[in-house]
Amino acid sequence: MSDRGFQVSRLPGFATIAIGVFLALYIPIFTLAAYSFNTNISMSSWGGFSLDWYAKAWNNDQVKDATLRSLIIALWAAVISTAVATLAALGTTRRRKFKGQTLIYVIINQPLMVPEIVTAVALLIFFAQIKVITGYQGLGYLILAHSAFCIPFAYLPIRARLEGMDLSLETAAADLYATPWKTFRHVTLPLLLPGVIAGAMLAFVISLDDVVITEFVKSGGQDTLPTYMLGQLRRQMTPEINAISTALLVLTIALLTAFFLINRQNDKN
Amino acid sequence: MSPAEEAQIATSARNAWYLSTPALLILLVGAVGPLLIVLVYSFLLPGKYGNVEWGFSLDGWRGILFTKDIFDDTLVLADAHLTIFWRSVKLSVLTTVFTFLVGFPTAWFIATRAPKARPIWLFLITIPFWTNLLIRTYAINEVIRTEGLLNTILMKLGLISTPLQIIYTDVAVFIGMVYVYLPLMVLPLFAAIDRFDMRLLEAGYDLYAGRWQVLRRIILPIVKPGLIAGSILVFVPSLGAYVTPRVLGGGKQMMIGNFIELQFGQGRNWPLGAALSMLLLIVVTIALLVYVRYANREDTNV
């Protein structure tokens, strides 16, 4: 194409806008990260490089508690949502169309369609009643809510992986007198594993990021890292928030890069 | 069909349901079911200190548009509410339009990179998408706040003498929402362009079409499904936005999401909050249904 000296797919100005968009996406994030290394508290001027705000965040018990809580919830939510999403994906792929299939799809993808604020309000009302009836105030509510909205994110990559696998290996195993459980354990699951890992990682990231639903569901003293940050934004803002954000950002990017590499490995195989 | 085959199909369907049950149960308790309670609450009376009192009332729904006059109890149109609805719709539409205007060239750019470089550009768009929404909103805050990056640069350049007051305005919320939701527009647009056979463009030019004609007659029709999907993906969360207007609007420039929260907090009017939630849900559902209908029609046409 290029030997014609005129590239058909080139549209004037598009590359400029695109580069501008990429810059606009990353400049704020880098600014945020840069200020986390600023000595000055005022944030309006650069006072020199330091790691003080990281040390301060690290020694802040509230931050420590919130971080731990975020990780516990995200871990539980990732495990639960991935487990049930794997079962659901096995149930809804690679078989003849059945009655109620669309209904199952709609329910599984519901968290992607309903505005978060509406679900948050609904859970606030619902759990308030349950709390009165049972007296239980623990993290269970948050774990349940997070597990629910993580399900579609875990389900989609697992389903995509399953759809790319044909049934011939499983049929072969069955022909060789493997029990259904053995077939699943030794044939289906190993093949499915990359999809399951991808699903679990997405679920983990999604849970870790949630603000709105957590803000409404949490009981007193149950701040996660994002709701703690939201609370701090109302008060005097210090670069400590930047430090926490940057740390969280690095964690997310590390997980995503791993996800990206796993996926690429899959495509190659 | 033999009875054996029929039995096999029935077993398969039953297994499908058994396997899906755990996921469905969690979703019913943790997401779908409670929505029905919101519906019920929207028809109840507000409690004095929040929550509700049992008793049927349409006040929640009426409260969406009207307030009672304090003096003579007549119903008057609630201007404050209308302002909030108008702001929500206006900002969501503007966000959708603007993300398309800049998102389309971006998606085109990614789709026309060499096959090896494409995943990396795509990855660069995906990172902000998966990054914590609050962090991204806060990052924009760093740029546009009074002592932020933008004002500092403009003042240093001598273009302005006093800082621009962007933060805590509609403009701030708009910039924030564009920033936060842009990847949701770029990704489906990219998917649509990626499937597109570039030789069609060549054919267009060979037949003496100008750039503008090629854009309008060939490119836009092909991009349309991506545009519709992207618009839904941007419009729906924009309309229900809560974090971005709260952080960048500073509590004054409320959108529906914040207005709903207010009813469950200081407003102490749970039925109104429930009715507003239902209204938002209805609007979003209509948008999704229109989309599904359109998508199905596209499928049958191709």
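Note that the protein sequences, when read in sequence, are chains A and B.
Residue numbers for the first sequence, in the working numbering: 1 to 269.
Residue numbers for the second sequence, in the working numbering: 1001 to 1302.
Glycine residues also receive a C-beta, built at the ideal position from the N, C-alpha and C atoms.
Here the C-alpha atom of A/D209 lies approximately 20 Å from the C-alpha atom of B/E1261. Within the region 1184-1249 of chain B, the runs of alpha helix (DSSP H) that reach at least 4 residues and sit entirely inside it are, in chain order, 1199-1206, 1211-1214, 1220-1239 and 1243-1248. Cβ-Cβ distances below 6 Å link A/M165 to L191 in the same chain, with the five nearest sequence neighbours on each side left out; the list follows chain order. DSSP, read as helix, strand or coil, puts B/K1252 in coil. When the alpha-carbon of A/T188 is set against those of A/T119, A/M201 and A/R159, the nearest one is in A/R159. Of all residues in the region 137-161 of chain A, only L144, A145, S147, A148, F149 and I151 place a beta-carbon less than 7 Å from a beta-carbon of chain B. Every alpha helix (DSSP H) of 4 residues or more that sits fully in the region 1017-1042 of chain B is shown, in chain order, as 1033-1041.
For the region 89-105 of chain A, the set of positions with a beta-carbon nearer than 8 Å to some beta-carbon of chain B reads L90, G91, T92, R95, R96, F98, K99, G100, Q101 and I104 in chain order. The C-alpha of B/A1004 is placed about 53 Å away from the C-alpha of B/T1112. Listed by position along chain B, the residues whose Cβ is nearer than 7 Å to that of A/F14 are P1105, W1108 and F1109. The beta carbon of B/L1024 falls within 8 Å of a beta carbon belonging to chain A, placing the residue at that interface.
Comparing alpha carbon positions, the residue from A/L225, A/L256, A/I19 and A/S219 closest to A/V132 is A/S219. At least 8 Å separates the beta-carbon of B/L1124 from that of A/F149.
If you look at B/F1066, you'll find it isn't in any alpha helix (DSSP H); it sits in the beta strand (DSSP E) that goes F1066 to K1068. Excluding five sequence positions before and after B/D1194, the CB atoms of its chain that fall closer than 7 Å to its own CB belong to A1111, given in chain order.
Among the CB atoms of chain A, one or more fall inside 8 Å of the CB of B/L1035.
B/A1117 and B/F1109 have their alpha carbons spaced roughly 11 Å apart. Chain B places a beta carbon closer than 8 Å to that of A/L230, counting this residue as a contact. In the three-state scheme derived from DSSP, where H, G and I count as helix and E and B as strand, A/F30 is classed as helix. Of all residues in the region 111-127 of chain A, only P111, M113, V114, P115, E116, I117, V118, T119, V121, A122, L123, L124, I125 and F126 place a beta-carbon less than 7 Å from a beta-carbon of chain B. The beta-carbon of B/W1054 is placed no less than 8 Å from the nearest beta-carbon of chain A. Listed along chain A, the residues sitting closer than 9 Å to B/Y1242 by beta-carbon distance are P115, E116, I117, A120, V211, V212 and E215.
In this structure, B/I1140 and B/I1175 form a Cβ contact; the two beta carbons are roughly 6 Å apart against a cut-off of 8 Å. Taking each of B/W1270, B/R1293 and B/W1212 in turn and checking the Cα distance to B/K1048, the smallest one comes out for B/W1270. Counting only the Cα atoms, A/I130 lies some 8 Å from A/Y136. Bounds of the alpha helix (DSSP H) holding A/L189 are L189 to D209. For B/F1085, the nearest beta carbon of chain A is not closer than 8 Å to its own beta carbon. Taking each of B/L1045, B/P1105 and B/G1240 in turn and checking the Cα distance to A/V118, the smallest one comes out for B/G1240. Counting along the chain, the unbroken beta strand (DSSP E) around B/L1077 starts and ends at L1075 to L1077. DSSP places B/N1141 inside the alpha helix (DSSP H), whose first and last residues are L1133 to I1144. Contacts with chain B at 8 Å (Cβ-Cβ) do not include A/T179. Judged by beta-carbon spacing, A/Q110 lies within the 8 Å limit of B/V1032, meaning their Cβ atoms are closer than that value. Residue-level contact check: A/S245 touches chain B, since one or more beta carbons of chain B fall below 8 Å from its beta carbon. Contact with chain A is found for B/I1135, since one of that chain's Cβ atoms lies less than 8 Å from the residue's Cβ.
Unbroken alpha helix (DSSP H) stretches of 4 residues or longer found wholly inside the region 145-188 of chain A: 168-175 and 180-183, given in chain order.
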